[in-house]
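Under the numbering used here, residues 9 to 403 are what the sequence shown spells out, in order.
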Amino acid sequence: MMENLQTLNLGRKSAAMQIVPVMLCFFAMGFVDLVGTASNYVQQDLALTDSQANLFPSLVFFWFLIFSVPTGMLMNKIGRKKTVLISLAVTALSLFVPMFGQGYYVMLVAFSLLGIGNALMQTSLNPLVSNLITPGKLASTLTFGQFVKAIASFLAPILAAWGATSVSITFGLGWRVLFPIYAVVSVLSISMLAATPISESRPDRASGFMECVRLLGRPYILLCFLGIMCHVGIDVGTNTTAPKIIIERLGLPLEEAGFATGLYFIFRTAGCLMGAFILRAVPAKRFFALSVAMMLVAMGLLMVCDTIHMIYIGIAMIGFGNSNVFSIIFAQALNNSPREQNEVSGLMIMGLFGGTVFPLAMGFASDRMGGQHGAVAVMAAGVAYLMIYVFKIKD
């Protein structure tokens with residue numbers, strides 16, 4: 009009996025030692041969300057139009073289209089942990105680049121590397137978790153990972169605003185001070201994960217590119233893929249557009265309007281934390297439906313309201329409602345195809361290409377309509393699709 013208890017305790021300690029470095033990697037995954045905050049500051053610094061500024065988040069998420077499926081194939085050859093380590097190295101490099109220049113093309117290079125690193129990371133890190141967690145707890149664990157990720161997202165606008173108003177103590181970097189801070193965390197993540205032993209299941213054979221893409225021929229996988237596109241489009245769209253709505257309708261400066269992005273991430277962070285526990289007790293379908301209904305109401309508020317409190321309420325509702333969408337859809341896709349998790353993971357992360365499609369469409373819609381109503385309308389279309397997806401979720 010005593011031996012069994014000792015074995016159980018050792019097993020729990022071993023699992024904890026594995027999950028902590030993995031959760032730090034989720035924190036590093038959240039660095040991609042600094043693109044919304046950074047693009048607004050770059051737009052202000054370089055006097056760019058909405059279409060030009062929205063190219064930054066679009067460029068970041070463009071690389072998900074290119075690298076996600078090849079990353080799934082790479083995992084089959086070298087393993088998930090090694091792929092995550094490569095992704096962290098690329099992410100760290102992307103964060104060092106802005107410290108050597110402030111020009112438009114320097115930022116394009118930095119955001120491109122950030123997008124490539126994040127594509128590798130999101131494709132490999134989520135299935136790595138499945139090596140540590142039972143299938144029944146996968147959705148709630150991924151949601152907790154999204155909670156950790158959201159902390160990094162939430163801190164980005166705060167660090168940028170602090171840097172912008174404290175230039176004298178940030179070595180002249182200004183709002184760009186968030187880059188070296190996150191770069192240090194990336195290096196720490198590499199060190200901790202590299203020192204952590206993780207036992208991985210390896211596939212019997214490596215899949216080819218067309219075999220991976222062919223999985224989109226399965227109706228349910230395609231529905232999940234489109235759902236991921238809409239989720240990230242709404243996420244990046246709100247991150248980028250929320251301050252613009254306040255600037256446009258209330259005339260506040262960017263340093264004050266930037267709180268809207270922080271508010272979004274506060275509620276997304278809270279939603280992820282609560283979702284990690286709620287999903288253990290409530291069917292995923294019911295919770296997903298409530299989350300999407302909340303976002304639908306929020307889009308209506310952002311479309312018609314012009315008072316700060318109502319706009320904040322709408323932003324907060326989107327943050328909370330969108331917080332668990334990714335985890336539920338991703339877990340649904342992985343559990344639907346347990347023998348092809350690496351390939352399915354690559355396809356789902358390729359769906360983050362929605363972060364390219366939505367900001368571009370939102371920028372053009374805003375320029376065309378002469379205001380941010382156009383951007384909100386594009387995001388509302390994504391919410392409408394998620395409402396349709398509700399009826400396809402498997403409990």
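Glycine included, each C-beta is placed from N, C-alpha and C at the ideal position.
Cut-off 7 Å between Cβ atoms - residues of its own chain near residue i, not counting five sequence neighbours on either side
i: Ser-120; result: Leu-67, Trp-71
i: Pro-252; result: The question names Pro, but residue 252 in the sequence shown is Lys. Same-chain partners within the cutoff: Gln-380.
i: Leu-116; result: Leu-67
i: Leu-150; result: Asn-134, Val-137, Ser-335, Phe-338, Ala-339
i: Ala-278; result: Phe-328
i: Gln-14; result: Note that Gln-14 has pLDDT 37, beneath the 50 cutoff, so the model's placement of it is unreliable and the number below is only indicative. Result list for Gln-14: empty, nothing under 7 Å.
i: Val-105; result: Val-114, Val-117, Ala-118, Leu-121
i: Thr-249; result: Met-370, Gln-380, Ala-383
i: Cys-6; result: This structure cannot speak to residue 6, because the chain is shown only from 9 to 403.
i: Ala-191; result: Ala-100, Leu-103, Phe-104
i: Leu-167; result: Val-185, Leu-186, Ile-189
i: Gly-378; result: none
i: Gly-171; result: Thr-178, Leu-181, Gly-182, Trp-183, Arg-184, Val-185, Leu-186
i: Ile-323; result: Thr-246, Ala-250, Ala-268, Leu-271, Tyr-272
i: Ser-2; result: Residue 2 cannot be examined here, being either before or after the span of the chain that is shown, 9 to 403.
Buried or exposed (CB count within 10 angstroms, at least 16 for buried), residue i
i: Gly-109; result: exposed
i: Thr-315; result: exposed
i: Arg-184; result: buried
i: Gly-80; result: buried
i: Tyr-320; result: buried
i: Val-28; result: exposed
i: Val-50; result: buried
i: Gly-259; result: exposed
i: Val-290; result: exposed
i: Thr-173; result: exposed
i: Leu-262; result: buried
i: Leu-54; result: exposed
i: Phe-285; result: exposed
i: Ser-207; result: exposed
i: Gly-125; result: buried
i: Ile-422; result: It is not possible to answer for residue 422, since the shown part of the chain is limited to 9 through 403.
Rounded C-alpha distance that separates residue i from residue j
i: Asn-344; j: Leu-287; result: 18 Å
i: Val-398; j: Ile-242; result: 16 Å
i: Lys-293; j: Gly-111; result: 46 Å
i: Leu-230; j: Ala-61; result: 30 Å
i: Gly-182; j: Leu-122; result: 20 Å
i: Pro-1; j: Pro-205; result: As displayed, the chain neither begins before 9 nor continues past 403, which places residue 1 out of reach and without an answer.
i: Val-312; j: Met-318; result: 10 Å
i: Ala-100; j: Ile-357; result: 20 Å
i: Ala-389; j: Met-25; result: 42 Å
i: Glu-202; j: Leu-234; result: The sequence given here places Ala at residue 202; Glu does not occur at that position. The alpha-carbon atoms of Ala-202 and Leu-234 are separated by roughly 34 Å.
i: Leu-103; j: Cys-238; result: 27 Å
i: Leu-18; j: Thr-91; result: Residue placement at Leu-18 cannot be trusted, given a pLDDT of 36 that sits under 50; what the coordinates show is reported in the next sentence. Cα-Cα distance, rounded: 28 Å.
i: Ser-59; j: Val-244; result: 15 Å
i: Val-352; j: Glu-219; result: 11 Å
i: Thr-57; j: Arg-376; result: 12 Å
i: Val-305; j: Ile-255; result: 22 Å
i: Phe-372; j: Phe-75; result: 26 Å
i: Met-129; j: Ser-148; result: 19 Å
i: Leu-32; j: Lys-402; result: 30 Å
i: Val-221; j: Gly-359; result: 12 Å
i: Leu-309; j: Phe-366; result: 20 Å
i: Gly-363; j: Thr-131; result: 15 Å
i: Arg-257; j: Met-107; result: 34 Å
i: Ile-236; j: Met-307; result: 18 Å
i: Val-7; j: Gly-283; result: Any answer about residue 7 is impossible in this case: the structure gives the chain only from 9 up to 403.
i: Leu-163; j: Ala-127; result: 21 Å
Beta-carbon contacts of residue i that lie in its chain and below 6 Å, excluding the five residues immediately before and after
i: Pro-165; result: Thr-45, Gly-266, Thr-269, Gly-270
i: Asp-212; result: Confidence at Asp-212 is low in this model, with a pLDDT of 45, below 50, so the placement of that residue should be treated as unreliable; the coordinate-derived value is given next. Cβ within range, chain order: n/a, list empty.
i: Ala-369; result: Val-386
i: Arg-418; result: The requested residue 418 does not occur in the structure, where the chain is confined to residues 9 to 403.
i: Ser-161; result: Gly-38, Asp-41, Phe-273
i: Ala-169; result: Glu-263, Gly-266
i: Lys-89; result: Ile-206
i: Leu-281; result: Phe-155
Spatial neighbours of residue i in its chain, beta-carbon cut-off 8 Å, leaving aside the 5 residues before and after
i: Gln-52; result: Leu-262
i: Met-303; result: Ile-242, Met-325, Ile-326, Gly-329, Asn-330, Val-391, Leu-394
i: Ser-47; result: Ala-61, Asn-62, Phe-64, Pro-65, Thr-248
i: Asn-139; result: Arg-88, Ile-206, Ser-207, Glu-208, Ser-209
- Message: Under 8 Å: do the region 90-105 and the region 187-207 share three or more Cβ pairs, one atom per stretch?
- Response: yes
- Message: I'd like the ranges of any beta strand (DSSP E) spanning at least 3 consecutive residues and lying wholly in the region 313-339.
- Response: none
- Quick check: the region 223-234 against the region 71-84, are there 3 or more CB pairs under 8 Å? no
- Item | Given 8 Å, three or more beta-carbon pairs between the region 27-38 and the region 149-160 | yes
- Continuous beta strand (DSSP E) assignments of at least 3 residues falling wholly in the region 108-165: none
- Message: Counting beta carbon pairs with one atom in the region 337-355 and one in the region 298-310, are three or more of them shorter than 8 Å?
- Response: no
- Task: Report the residue ranges of all alpha helix (DSSP H) runs contained in full by the region 18-69; include only those spanning at least 4 residues, in chain order.
- Result: 42-54, 58-61
- Enumerated in chain order, which unbroken segments of the alpha helix (DSSP H) with a length of 4 residues or greater are wholly contained in the region 228-309? 262-265, 267-286
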